[in-house]
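Residue numbers 12 to 121, in our numbering, belong to the letters of the sequence shown in order.
Before any comments, here is the structure.
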Amino acid sequence: MINFGYKIMRDESIDLDRNDLRIAGYLKLHEPSINLCIGCGSCTATCSTGHFTDFNIRQVHTLIRRGEIKHIKKEIQRCMFCGKCQLVCPRGVNLRNVILTINRAIEQIG
12 MINFGYKIMR DESIDLDRND LRIAGYLKLH EPSINLCIGC GSCTATCSTG HFTDFNIRQV
72 HTLIRRGEIK HIKKEIQRCM FCGKCQLVCP RGVNLRNVIL TINRAIEQIG
């Protein structure tokens, strides 16, 4: 058989019953402005860190909402807290505090 360089990918369904949603709950409780996020991507488009690394604040938010928190601590440590994301957010989400709150949640929850 000829190898065309493709392979079958495993199914990636999201099982919210098994995922850890404690950090998402903590974030919603301590930084309610995150509920205003519409996922437009303005924050990611202007991110200084995102231009030089594969950091993506929108992806971090999505992973936390899904409860997929395995590599979140390492990911949020890349943030330079420049504040550009917060300046361009059309909904006024306090993204600096979101990152700090996620970090606190990881320390408290584990």
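Glycine included, every Cβ here is placed at the ideal spot set by N, Cα and C.
Computed from a prediction, not measured in an experiment: that's the story for all the values here.
Problem - At least three beta-carbon pairs within less than 8 Å, the region 78-98 to the region 52-63 - result: yes
Practice task
Measure the C-alpha to C-alpha separation of I113 and I34 and round it to an integer number of angstroms.
Solution key: Mapped onto the sequence shown, residue 113 falls at position 102. Mapped onto the sequence shown, residue 34 falls at position 23. Straight-line Cα distance between these residues: approximately 7 Å.
Problem - Buried versus exposed, by CB contacts within 10 Å (16 or more), H62 - result: Here residue 62 refers to the residue found at position 51 when the sequence shown is read from its first residue. Classification of H62: exposed, given that the 10 Å Cβ count is below 16.
Practice task
Verify whether the separation of the beta carbon atoms of N30 and R77 is less than 8 Å.
Solution key: Here residue 30 refers to the residue found at position 19 of the sequence shown. Here residue 77 refers to the residue found at position 66 of the sequence shown. The answer is yes: Cβ separation under 8 Å.
Problem - When L106, S24, D65, I49 are compared against E86, the one with the closest alpha-carbon - result: Taking the sequence shown and counting its residues from 1, one reaches residue 86 at position 75. Minimum Cα distance to E86 is reached at D65.
Problem - CB contact flag (E42, V109, <8 Å) - result: Taking the first residue of the sequence shown as 1, we reach residue 42 at position 31. Taking the first residue of the sequence shown as 1, we reach residue 109 at position 98. Yes, the pair counts as a contact, with Cβ atoms nearer than the cut-off.
Handout entry: Anticipated Cβ contact below 8 Å, I83 with I45, distance rounded
Key = Position 72 of the sequence shown, counted from the start, is the residue given in the question as residue 83. Position 34 of the sequence shown, counted from the start, is the residue given in the question as residue 45. About 14 Å separates the two Cβ atoms, so there is no contact after all.
Exercise for the section: Mark L40 as exposed unless 16 or more other C-beta atoms lie within 10 angstroms of its C-beta, in which case mark it buried. Expected result: The count along the sequence shown starts at 1 and reaches residue 40 at position 29. Its Cβ having fewer than 16 others within 10 Å, L40 is exposed.
Handout entry: Member of I49, L27, R21 whose CA lies at the smallest distance from the CA of G103
Key = Mapped onto the sequence shown, residue 103 falls at position 92. Of the candidates I49, L27, R21, the one whose C-alpha sits nearest the C-alpha of G103 is I49.
Practice task
Count the other C-beta atoms from every protein chain shown that fall within 10 angstroms of the C-beta of I19, then say buried if there are 16 or more, exposed otherwise.
Solution key: In the sequence shown, residue 19 corresponds to position 8, counting from 1. Answer is exposed; the Cβ neighbour count stays below 16.
Handout entry: Neighbourhood of I25 by C-beta, 6 Å cutoff - its chain only, sequence neighbours within 5 removed
Key = Along the sequence shown, read from residue 1 onward, the residue named residue 25 stands at position 14. For I25, where only same-chain residues beyond five positions count, the Cβ hits under 6 Å are R77.
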